[in-house]
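**Student:**
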Amino acid sequence: MGRTLYDKIFEAHTIRAQADGMCLLYIDRHLINEVTSPQAFESLRLERRKVWRPRGNFAVADHNVPTTRRDEGITDEISRIQVDALRANCAANEIVHLGMDNERQGIVHVVGPELGITLPGMTIVCGDSHTSTHGALGALAFGIGTSEIEHVLSTQTLLVRRSKNLRVTIEGRLPAGCSAKDLALAVIGRIGTAGATGHAIEYAGAAVRDLSMEGRMTLCNMSIEAGAVAGLIAVDATTLQYCRERFYAPQGSDWDRAALEWRALQSDPDARFDADVVMNASELSPQVTWGTSPDMVVDITGVVPDPALVSEPGRRASCARALEYMGLSAGVPIESIALDKVFIGSCTNGRIEDLRAAASVLRTLGGRVASTIKLALAVPGSGAVKREAEAEGLHGVFMAAGFEWRDPGCSMCLAMNADRLEPGERVASTSNRNFEGRQGAGGRSHLVSPAMAAAAALRGHFTDIRTFAVNGTLQ
Amino acid sequence: MIEAFSSHTGLAVPLDRDNVDTDAIMPKQYMKSIARLGFGPYVFDEWRHEDVGYYGKPASERVIAAGFVMNQPRYAGASVLLTRRNFGCGSSREHAPWALFQYGFRVLIAESFADIFYNNCCKNKMLPIVLNAQDIETLLAQVSAVPGYALKVDLPAQTVTTPDGTTLHFDIAASVKARLLDGTDDVDDTLSLASEIKAFEERRLNERPWL
Chain G
1 MGRTLYDKIF
11 EAHTIRAQAD
21 GMCLLYIDRH
31 LINEVTSPQA
41 FESLRLERRK
51 VWRPRGNFAV
61 ADHNVPTTRR
71 DEGITDEISR
81 IQVDALRANC
91 AANEIVHLGM
101 DNERQGIVHV
111 VGPELGITLP
121 GMTIVCGDSH
131 TSTHGALGAL
141 AFGIGTSEIE
151 HVLSTQTLLV
161 RRSKNLRVTI
171 EGRLPAGCSA
181 KDLALAVIGR
191 IGTAGATGHA
201 IEYAGAAVRD
211 LSMEGRMTLC
221 NMSIEAGAVA
231 GLIAVDATTL
241 QYCRERFYAP
251 QGSDWDRAAL
261 EWRALQSDPD
271 ARFDADVVMN
281 ASELSPQVTW
291 GTSPDMVVDI
301 TGVVPDPALV
311 SEPGRRASCA
321 RALEYMGLSA
331 GVPIESIALD
341 KVFIGSCTNG
351 RIEDLRAAAS
361 VLRTLGGRVA
371 STIKLALAVP
381 GSGAVKREAE
391 AEGLHGVFMA
401 AGFEWRDPGC
411 SMCLAMNADR
421 LEPGERVAST
431 SNRNFEGRQG
441 AGGRSHLVSP
451 AMAAAAALRG
461 HFTDIRTFAV
471 NGTLQ
Chain D
1001 MIEAFSSHTG
1011 LAVPLDRDNV
1021 DTDAIMPKQY
1031 MKSIARLGFG
1041 PYVFDEWRHE
1051 DVGYYGKPAS
1061 ERVIAAGFVM
1071 NQPRYAGASV
1081 LLTRRNFGCG
1091 SSREHAPWAL
1101 FQYGFRVLIA
1111 ESFADIFYNN
1121 CCKNKMLPIV
1131 LNAQDIETLL
1141 AQVSAVPGYA
1151 LKVDLPAQTV
1161 TTPDGTTLHF
1171 DIAASVKARL
1181 LDGTDDVDDT
1191 LSLASEIKAF
1201 EERRLNERPW
1211 L
């Protein structure tokens, strides 16, 4: 019987399989950030263990770094200690580290692919759940905890339970005004936040093949919001073209050998999936979350749902609770929801295409950020994204509209630095989680695409960007 | 070295919600700490407190949310957490299980757990138990109705016993169970296979110099 893409990568890295389904897996790349690694390095020191393969690791500070006035360093003492600890730990263990002052610094899930640290067929882990992003390149990538970070540092392996296979097939074409982010939210809305628990998702179908690598990364990024630790997409010409020019990508005859191997990173036609979900992109509308879980999502043309109409008691209670936290009433049209802040960025939507999409809306609509918006942030996902955007003049578009143009980092996605919501503030955010307090204690998050966030910034409330799409595309 | 887990009897507290995420269990502002300890006071911080907390804020300045279930006197000292679906979803932060353990929890019982969180609990000798929806419903009803409701958990037998003597069975992977029981260190175990790993690695890297 045929094998899935997940099966193929998993088996190619299995050193030893146990009878109960746990496998010792070889890890090609371990990506490291400042927040989840210090305790692992400390344990290594206490146990007098060495890093197994320093070259298999790559570190970058992203969660805690400020997005303004970098030349002044980090003023928050506790954050500074954590960022300094990463630098010291990497230096002591000969691990490549991009510090805050490095021009290639950025969010680890943006930097990995753009430097070719992430390549097809690899196993990739990181102490961050959005490691699923890297599966867009036909790699098996998943988030781990700090104990597992210690295990990978010490052994370059992990004990992993094999996942089941879930295929999400998205046929059709994305309509104007819709993006990979809307697809991701629609998938989560369909299967729920635990819909893929215990599974790896493979995204397939025409709408997925039509996505750019940036779009594929957005889609795979939010697999974890559907409960899957990993999301994967088969390698095709788009993947190979993306990888070709990357700094750490193989060159010359090595490239030819690698590309030959990578082209085979597909599920076999007769591969068996444990579950299948089929959707059609052509029916999609721009998506907006209204609650405190990413599966609480509706079309932009919709209204805030009425918990009383939810039949299942647990879900009904969750919805009622979410409305109370969000300060919303059932039946309120999504387009009428007024915002306080707008955030464009994160490992979900901080890539060049995302910034282009947002800037395109700003150009098309013209004018400035609504006077009721206290803060509109555009935070590139990496130094490379920032430079590319500036070369295209996008920073000028954002700033002319009244956005602040910041330095790269996780920023308001999880608000570990100064970029955050105050209690009660409401944000249109291109990030991945609308959990209570995620973007600041008491903050209220609505997840949307970059284009939708840009339009919301100008109008001060959500607005259907399809109403000003010209000839099917935004100008 | 973290102590082994074998059996545990403790007061249960209900957290009657689906999708409790790790941001709720351990808010990000406390994750700036580079230590492994000190997270217990901040578990479920925004639900347990009325004020906005920060790392190092003195306990005397905190405003307790009296209505939150864990703050009710009848549940003081609870070490078994009863909850619903998809507990521990979201961020992979191991700070969440650290905080739960350091607060005093030893057993978590839910209808389902997020995958990464489940692994992280086991690495910290805190036992995540999955029971079916009907059993969870029964336990949640009983814990609210019966003051002092304690559950007895026997890992070798893979059972949960309620105060009325009902015994419920749970599943757990054999190797995960063995590690919880004997308290051995995962890394030491894996390093005993160092030559096997080395051979695998050399073959893989030789065939693929770009790695």
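Residue numbers (my numbering), protein chains in the order written: chain G, 1 to 475; chain D, 1001 to 1211.
Here a beta-carbon is modelled for each residue, glycine too, at the ideal position from N, C-alpha and C.
Predicted model, so just to flag it, every value in this text is computed and none were measured.
#1: With DSSP run on the structure shown, which of helix, strand or coil describes residue 242(G)?
#2: Answer with buried or exposed for residue 28(G), where buried requires no fewer than 16 other C-beta atoms within 10 angstroms of its C-beta.
#3: Please identify, using Cβ separations under 7 Å, the residues of the stretch 1045-1076 of chain D that lie next to chain G, in order along the chain.
#4: Considering residue 421(G), what are the terminal residues of the beta strand (DSSP E) in which it resides?
#5: Give a yes or no on whether 8 Å exceeds the smallest Cβ distance from residue 150(G) to chain D.
#6: Tell me the rounded alpha-carbon separation between residue 85(G) and residue 75(G).
#7: With a Cβ-Cβ cutoff of 8 Å, do residue 1152(D) and residue 64(G) count as a contact?
#8: Determine which residues of the stretch 1078-1100 of chain D have a Cβ less than 7 Å from any Cβ of chain G, and write them out in chain order.
#9: What would DSSP say about residue 1097(D), mapped onto helix, strand or coil?
#10: Quick one: residues in its chain with C-beta nearer than 8 Å to the C-beta of residue 265(G), no 5 flanking neighbours on either side, listed in chain order?
#11: Going along chain D in order, which residues have a C-beta closer than 9 Å to the C-beta of residue 416(G)?
#12: Please classify residue 105(G): is it buried, with 16 or more other beta-carbons within 10 angstroms of its beta-carbon, or exposed?
#13: Since residue 1157(D) meets chain B, which of its residues come closer than 7 Å, beta carbon to beta carbon?
#14: Thinking C-alpha only, which one of 214(G), 169(G), 152(G) is nearest residue 1188(D)?
#15: Tell me which residue opens and which closes the alpha helix (DSSP H) that residue 1206(D) is part of.
#16: Check whether the stretch 348-362 of chain G and the stretch 447-460 of chain G touch, using three or more Cβ-Cβ pairs below 8 Å as the test.
#17: If you scan the stretch 1082-1170 of chain D from start to end, which runs of the beta strand (DSSP E) of 3 or more residues do you find wholly inside it?
#18: Sorted by chain position, which residues of the same chain lie with C-beta nearer than 8 Å to residue 284(G)'s C-beta, five sequence neighbours on each side aside?
#19: Pick helix, strand or coil for residue 349(G), following the three-state DSSP scheme.
#20: Is it buried or exposed, residue 399(G), if we count other Cβ atoms within 10 angstroms and call 16 or more buried?
#21: Specify the secondary structure class of residue 13(G) as computed by DSSP and reduced to three states.
#22: Starting from the Cα of residue 113(G), find the closest Cα among 375(G), 230(G), 382(G), 390(G) and give me that residue.
#23: Return yes when the Cβ of residue 1102(D) is within less than 8 Å of the Cβ of residue 1037(D), no when it is not.
#24: For the 8 Å Cβ check, are there 3 or more pairs between the stretch 1045-1063 of chain D and the stretch 453-466 of chain G?
#25: Could you confirm whether any beta carbon from chain G is found closer than 8 Å to the beta carbon of residue 1201(D)?
#26: Closer than 8 Å by C-beta to residue 272(G): which residues in its own chain qualify, once you throw out the five before and the five after it? Chain order, please.
#27: Thinking C-alpha only, which one of 73(G), 71(G), 69(G), 82(G) is nearest residue 1035(D)?
#28: Hey, quick one: how far does the beta strand (DSSP E) through residue 299(G) stretch, first residue to last?
#29: Note down, in chain order, all residues in the stretch 391-420 of chain G with a beta-carbon under 7 Å from any beta-carbon belonging to chain D.
#30: Going straight from the alpha carbon of residue 1202(D) to that of residue 242(G), what length do you get?
#31: Could you run through the stretch 299-312 of chain G and flag, in chain order, every residue whose CB is less than 7 Å away from some CB of chain D?
#32: Going by DSSP in three states, residue 280(G) sits in which element: helix, strand or coil?
#33: I'd like the list of long-range same chain contacts for residue 292(G), defined as Cβ closer than 7 Å, with 5 residues on each side in sequence excluded.
#34: To the nearest angstrom, how far is it from the Cα of residue 471(G) to the Cα of residue 456(G)?
#35: Below 8 Å on the Cβ atoms is my guess for residue 1091(D) versus residue 129(G); work out the distance and round it to an integer in Å.
#36: The stretch 181-195 of chain G: which residues have C-beta closer than 9 Å to a C-beta of chain D, in chain order?
**Tutor:** On the basis of the data shown:
#1: helix
#2: buried
#3: 1046, 1052, 1055
#4: Note, residue 421(G): premise wrong, no beta strand (DSSP E); not H, not E.
#5: yes
#6: 15 Å
#7: no
#8: 1084, 1085, 1086, 1089, 1090, 1091, 1092, 1093, 1094
#9: helix
#10: 5, 8, 9, 120, 121, 138, 234, 235
#11: 1028, 1029, 1031, 1032
#12: buried
#13: Within the model displayed, chain B is absent; protein chains G and D are what it includes.
#14: 152(G)
#15: 1194-1207
#16: yes
#17: 1107-1110, 1127-1130, 1150-1154, 1159-1161, 1167-1169
#18: 174, 175, 178, 182, 183, 186
#19: helix
#20: exposed
#21: coil
#22: 382(G)
#23: yes
#24: no
#25: yes
#26: 1, 2, 4, 165
#27: 82(G)
#28: 297-299
#29: 414, 415, 416
#30: 28 Å
#31: none
#32: strand
#33: 322, 325, 326, 434, 435, 436
#34: With a pLDDT of 44 at residue 471(G), under the threshold of 50, the modelled position of this residue cannot be trusted; read the value that follows with caution. Each residue's alpha carbon lies about 21 Å from the other.
#35: 5 Å
#36: 192, 193, 194
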